[in-house]
Ligand code: NAP
């Protein structure tokens, strides 16, 4: 029931109409008895500063930020969490008594999604395919979890080198796909390119059955389709595979934990899956 005490949250991005965040967060408020409402607003970088002023003026609890605003928003906030600073992108804003704080829950969402494997990241060797914003969150999440090596694969060595310089950590090395045969095996191979997703279904940057060893985890950040060509090849050769759905769910759960104190056992990954299935989002 919306009343005079209802507090507001929102998503700032463009486009936003297909986002699952409003469905997920409004369902969580209902289940947890939180008197709040979450809306999606189509905001591009040229009006982002005004939108952020609006959050302050109207006393929003917080917000999520998505494409194309995740990097631009940093300059309008009062505090940036160290992990978000290292990634150079914020996806969650918390209004802490008028002070706007920026966090990035994509990195923790990615790390948390490995829970099902009880995975220990320490000293692991990683191949990360692609050099976009999602790859940056993943790389920083892995660094904060003490992996020993992250090879960044790109179609051009200049882009891979630029990515590594941006993060500036000796754990990262720049590679092109031509180097793959000499560099494997890896403990985790991660696809952070859009290949495999509409309209590039059936495509994969690498033949995943050719790299890694039997315990290698093949991870695709794509969650729709649930099994990309990259994952299918890995599965058929008996490797562990995971798509990006758990990452997506956990980034939302961690955003919620930034905004509200609640009993975490009352709003779990399984609860979110049920909501997404009921809404035919997955
Ligand atoms: P992006 O910036 O569009 O692309 C990432 C990188 O993929 C590019 O920098 C490029 O690297 C490579 N790439 C693009 N087109 C390619 C092609 N035709 N062939 C080979 N490589 C290509 O995307 P992003 O925002 O980082 O997102 C990456 C993927 O992760 C998307 O599929 C997105 O949906 C997914 N994602 C999932 C989650 C989740 O929660 N599960 C969160 C964020 C993103 P080079 O130019 O260096 O080769």
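Numbering (our numbering), first residue to last: 987 to 1268. We put the CB at the ideal spot given by N, CA and C, even for glycine.
Inclusion of residue 1002 and residue 1028 in the CB contact set at 8 Å is warranted, their separation being smaller than that value. The closest heavy atom of the ligand NAP lies less than 7 Å from the beta carbon of residue 1117. Counting other Cβ atoms within 10 Å of its Cβ, residue 1251 stays below 16 and is therefore classed as exposed. Relative to the ligand NAP, the beta carbon of residue 1069 is positioned no closer than 7 Å to any heavy atom. If you look at residue 1219, you'll find it isn't in any beta strand (DSSP E); it sits in the alpha helix (DSSP H) that goes 1215-1222. C-alpha of residue 1019 to C-alpha of residue 1211: approximately 33 Å in a straight line. If you ignore the 5 residues before and after residue 997, its C-beta comes within less than 8 Å of the C-beta of 1005, 1007, 1008, 1024, 1025, 1026, 1027, 1049, 1050, 1051 and 1052, all in its own chain and listed in chain order. The shortest CA-to-CA distance from residue 1237 to any of 1223, 1087 and 1258 is the one to 1258.
In this model, residue 1193 and residue 1131 are separated by some 27 Å (Cα to Cα). In this chain, the alpha helix (DSSP H) harbouring residue 1147 covers 1143-1153. Going by DSSP, residue 1181 is part of no alpha helix (DSSP H) at all; its letter is neither H nor E. Within the same chain, Cβ atoms closer than 7 Å to the Cβ of residue 1091 are found at 1077, 1078, 1237, 1240 and 1241, the five residues on either side in sequence being excluded.
Taking the CA atoms as reference points, residue 1064 sits about 5 Å from residue 1086.
With respect to the 8 Å criterion, residue 1153 and residue 1123 are not classified as neighbours on the basis of their beta carbons.
Take residue 1233, set aside five residues on each side of it, and the residues of its chain with a beta-carbon closer than 6 Å to its own are 1095, 1096 and 1099, in chain order.
Remark: the shortest separation between the CB of residue 1086 and any heavy atom of the ligand NAP does not fall under 7 Å.
DSSP, reduced to helix, strand and coil, places residue 1236 within a helical segment of the structure shown.
Under the three-state reduction of DSSP, residue 1259 is assigned to helix.
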